[in-house]
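Everything on this sheet refers to the single structure shown next.
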Amino acid sequence: MKLILGIESSCDETGVALYHTERGLLVHTLHSQIAMHNEYGGVVPELASRDHVRYALPLIREVLQQASCTLQDIDAIAFTQGPGLSGALLVGASVACSLAYALSIPTIAVHHLEGHLLSPLLSDPAPEFPFVALLVSGGHTQLMRVDGIGRYTLLGETLDDAAGEAFDKSAKLLGLDYPGGALLAKLAQRGAPGRFKLPRPMLHSGDLDFSFSGLKTAVLLAVQQNAQDEQTRADIAYAAQAAIVDVLVNKSLSALKQTGLKQLVIAGGVGANRELRAQLDQAAQQRDFRVFYPDLEFCTDNGAMIAFAGAMRSKLQTVQRDYRFNVKPRWDLQQLSQAD
Ligand code: KG4
Ligand code: ZN
9 MKLILGIESS CDETGVALYH TERGLLVHTL HSQIAMHNEY GGVVPELASR
59 DHVRYALPLI REVLQQASCT LQDIDAIAFT QGPGLSGALL VGASVACSLA
109 YALSIPTIAV HHLEGHLLSP LLSDPAPEFP FVALLVSGGH TQLMRVDGIG
159 RYTLLGETLD DAAGEAFDKS AKLLGLDYPG GALLAKLAQR GAPGRFKLPR
209 PMLHSGDLDF SFSGLKTAVL LAVQQNAQDE QTRADIAYAA QAAIVDVLVN
259 KSLSALKQTG LKQLVIAGGV GANRELRAQL DQAAQQRDFR VFYPDLEFCT
309 DNGAMIAFAG AMRSKLQTVQ RDYRFNVKPR WDLQQLSQAD
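Sequential numbering from 9 applies to the sequence shown in this note's numbering.
Rendered as structure tokens:
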């Protein structure tokens, strides 16, 4: 099994990639639906599914062409089986399984978060097992101990909103477009430190869990109680980002201390946040641990991480050849074992 086609369609991005087990990632491409969902202030599932239908096959053609390969060169097709929007997942699963059936090659069902967790292994230098992973996306905030492929132990997670959700909701309150994480970070660059002090929920809870739902209430109050001139908006954005980053950094440091591990991996869309990266880099220098980030293009949803996770899984498990597929909109990463 050498050439794996990966298809990601769990939410609002159609991602397709070709990964070669000896030559590495050959090519990946992405179509983002952000502009389409923007006018609704969030992802509209039915529109997402239809757009995946529109883009899946053209993107597959595109990666094959870019890598100078044909369909016949593909040895297996990896697709995101969950978690995510069921209609969106079904598009990727049905394209993957019908194409694999037509080509008489196996399919590999991939857990979206496993894709994120393993994505730093696509970068150079890559971490070595075991490591602590901070998974921070629009839907998840988890600290995991990763001992190998499929060997994940949950150390802590959010009790309510995810970190990305906290960014997006704060951004929305500041009148920014969806998803607002990156826009809020940009606005925060012009913000002055110290004007607003927002709560850091559960910072001293003694465990590795998170809670971000209180933050949006604090941001809402700050927005309501102050005239919304450009500087004030930037100052609130600064304070919101500072609160989220502070909690993420502190809990990550506690996880390293608790496990005694010396490598921290950041995965998921919020991993693109520059302030988070700057603070972790500084802590890593002071405390003698290494921190790894996926390249920016692999932080947010993409097909490369699915093709790569599929390639890793194909070494561990018997691949599927019966082409009946189901998707798992809710799927606990902890339920994954090495053999799944
Ligand atoms: O991993 P991802 O692409 O999709 C999910 O699986 O959720 O993560 C998307 C999340 C969104 O909440 C987005 O606002 C956030 O990542 N995000 C950021 C930045 N870039 C993306 N949050 C803060 N700063 C950024 N630079
Ligand atoms: Zn994701």
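Yeah, the Cβ is synthetic: ideal placement off N, Cα and C, and Gly gets one too.
Length of the line joining the Cα atoms of Met9 and Arg329: For the purposes of this step, residue 9 is taken as the residue at position 1 of the sequence shown. For the purposes of this step, residue 329 is taken as the residue at position 321 of the sequence shown. Between Met9 and Arg329, the C-alpha separation is close to 14 Å.
Leu98, DSSP secondary structure in three states: The count along the sequence shown starts at 1 and reaches residue 98 at position 90. Helix, per DSSP.
Cα-Cα separation, Phe208 to Asn310: Position 200 of the sequence shown, counted from the start, is the residue given in the question as residue 208. Position 302 of the sequence shown, counted from the start, is the residue given in the question as residue 310. Correcting the residue type first, residue 208 is Arg in the shown sequence and not Phe. A direct Cα-Cα distance of roughly 31 Å separates Arg208 from Asn310.
Under the three-state DSSP convention, the category Gly311 falls into: Reading the sequence shown from its first residue, position 303 is the one you call residue 311. Three-state DSSP puts Gly311 in a helix.
Whole beta strand (DSSP E) elements within the stretch 134–174, 3-residue minimum: 139–144, 149–156 and 159–165
N-terminal and C-terminal residue of the alpha helix (DSSP H) that His60 is part of: To locate residue 60, count along the sequence shown from 1; it is residue 52. Where His60 is concerned, the enclosing alpha helix (DSSP H) stretches over Pro53 to Gln74.
CA-to-CA distance, Glu30 to Gln325, given in whole angstroms: Working through the sequence shown from its first residue, we reach residue 325 at position 317. Working through the sequence shown from its first residue, we reach residue 30 at position 22. Going from the Cα of Gln325 to the Cα of Glu30 covers about 19 Å.
Segment contact, 8 Å Cβ cut-off, at least three pairs: the stretch 264–281 with the stretch 94–105: no
Per-residue DSSP class, three states only, for Lys251: As a working note, residue 251 is residue 243 in the sequence shown. The amino acid occupying residue 251 in the given sequence is Ala; Lys does not appear at that position. In this structure, Ala251 counts as helix in the three-state DSSP scheme.
Proximity below 7 Å, CB of Glu16 to CB of Thr88: Locating residue 16 in the sequence shown gives position 8, where the first residue counts as 1. Locating residue 88 in the sequence shown gives position 80, where the first residue counts as 1. Remark: C-beta atoms of Glu16 and Thr88 approach each other more closely than 7 Å.
Span of the alpha helix (DSSP H) around Gly222: Counting from one through the sequence shown, the residue named residue 222 turns up at place 214. Residues Ser221 to Gln233.
The stretch 289–302 in contact with the stretch 181–196 per 3-pair CB rule at 8 Å: Contact between the stretch 289–302 and the stretch 181–196 is not established, with fewer than three Cβ pairs separated by less than 8 Å.
Asp169 CB to nearest heavy atom of the ligand ZN below 6 Å: For this step, residue 169 is matched to residue 161 along the sequence shown. No - the ligand ZN has no heavy atom lying nearer than 6 Å to the Cβ of Asp169.
Same chain, Cβ closer than 8 Å to Ala56, neighbours up to 5 away in sequence not counted: Position 48 of the sequence shown holds residue 56. In chain order, Cys19, Asp20, Gln41, His45, Leu93, Gly95 and Ala96 place their CB closer than 8 Å to the CB of Ala56, counting only its own chain and leaving out the 5 sequence neighbours on each side.
Cβ-Cβ distance between Tyr48 and Leu341 below 7 Å: As a first step, residue 48 must be located in the sequence shown, where it is residue number 40. As a first step, residue 341 must be located in the sequence shown, where it is residue number 333. No, Cβ-Cβ distance for Tyr48 and Leu341 is not below 7 Å.
Phe204 and Ile244 closer than 7 Å at C-beta: Residue numbering aside, residue 204 sits at position 196 when the sequence shown is read from its first letter. Residue numbering aside, residue 244 sits at position 236 when the sequence shown is read from its first letter. Taking 7 Å as the Cβ cut-off, Phe204 and Ile244 qualify as a contacting pair.
Cβ of Ala251 within 7 Å of any chain C Cβ: In the structure shown, chain C does not exist; there is a single protein chain.
Nearest-angstrom beta carbon gap, Phe300 and Ser127 [assumed within contact, 8 Å]: The residue you call residue 127 lines up with position 119 of the sequence shown. The residue you call residue 300 lines up with position 292 of the sequence shown. Rounded, the Cβ-Cβ distance is 10 Å, inconsistent with contact.
Inter-residue Cα distance where the pair is Phe175 and Ala110: Within the sequence shown, residue 175 is the residue found at index 167, counting from 1. Within the sequence shown, residue 110 is the residue found at index 102, counting from 1. Roughly 43 Å between the two C-alpha positions.
Asp383 CB to nearest heavy atom of the ligand ZN below 6 Å: Here the chain has residues from 9 to 348 only, and residue 383 is not among them.
Where Tyr109 sits in the DSSP three-state scheme: Reading the sequence shown from its first residue, position 101 is the one you call residue 109. Looking at Tyr109 - three-state DSSP - the assignment turns out to be helix.
Rounded C-alpha distance that separates Ala101 from His212: Counting from one through the sequence shown, the residue named residue 101 turns up at place 93. Counting from one through the sequence shown, the residue named residue 212 turns up at place 204. Cα-Cα distance, rounded: 42 Å.
One or two residues paired with Tyr246 in a DSSP bridge: Your numbering for residue 246 matches position 238 in the sequence shown. Answer by DSSP bridge pairing: none, since Tyr246 is not bridged.
Range covered by the beta strand (DSSP E) that runs through Gln271: Here the question's residue 271 lines up with position 263 in the sequence shown. Its beta strand (DSSP E) spans residues Gln271 to Ala275.
Contact under 7 Å by Cβ, Ile82 with Leu167: If you number the sequence shown from 1, residue 82 lands on position 74. If you number the sequence shown from 1, residue 167 lands on position 159. Their beta carbons are not under 7 Å apart, which means Ile82 does not touch Leu167 by this criterion.
C-beta atoms of Leu163 and Leu125 nearer than 7 Å: As a first step, residue 163 must be located in the sequence shown, where it is residue number 155. As a first step, residue 125 must be located in the sequence shown, where it is residue number 117. Cβ distance not < 7 Å, so Leu163 and Leu125 don't count as in contact.
Local conformation of Arg282 per DSSP, three classes: What you label residue 282 is simply residue 274 of the sequence shown in a count that begins at 1. In the structure shown, Arg282 sits in a helix (DSSP, three-state: H, G or I).
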